[in-house]
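Residue numbers (our numbering): 1 to 106.
All residues carry an ideal CB built from backbone N, CA and C; glycine is no exception.
Working notes, beginning with the structure itself.
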Amino acid sequence: WPECFLVDRFSPTGPTVSVRPGNTKVLPLKEPVSRALFKRSRELQPKKAQNLLDTYERKCEEQRSMILGVSKAAREEKEAKMMEEARKRAAEAQAAAAPKSIGTPP
């Protein structure tokens with residue numbers, strides 16, 4: 001774009017950009033160049049605080065869900081063992097309470 005713009009780096013007030021006089025036109029860049037510039041400008045944009053907060057909250061929720069899932073599985077396994085032990089004790093108590101036969105019947 002040097003044929004369209006004049007950059008004065010030595011101005012006492014700092015660099016100045018002005019349009020060159022004449023019939024020069026600013027035309028769009030070629031597709032690969034414009035895509036590269038667009039991509040680079042997106043990469044240079046600062047992250048927004050809200051995006052960071054949303055990501056943090058989402059990750060915390062995923063971790064919480066994972067921990068709860070592990071805790072739930074452990075709790076269910078423990079409850080299943082307790083139920084099995086209770087069934088065994090009930091079967092033993094029932095067997096102990098059953099009448100026992102002595103000798104052969106007459």
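Runs of beta strand (DSSP E) with 3 or more residues, each lying fully within the region 38–105, are absent. If you draw a straight line from the Cα of Ser-34 to the Cα of Val-26, it is about 14 Å long. As summarised for the region 5–35, there are no continuous alpha helix (DSSP H) elements at least 4 residues long confined to that stretch.
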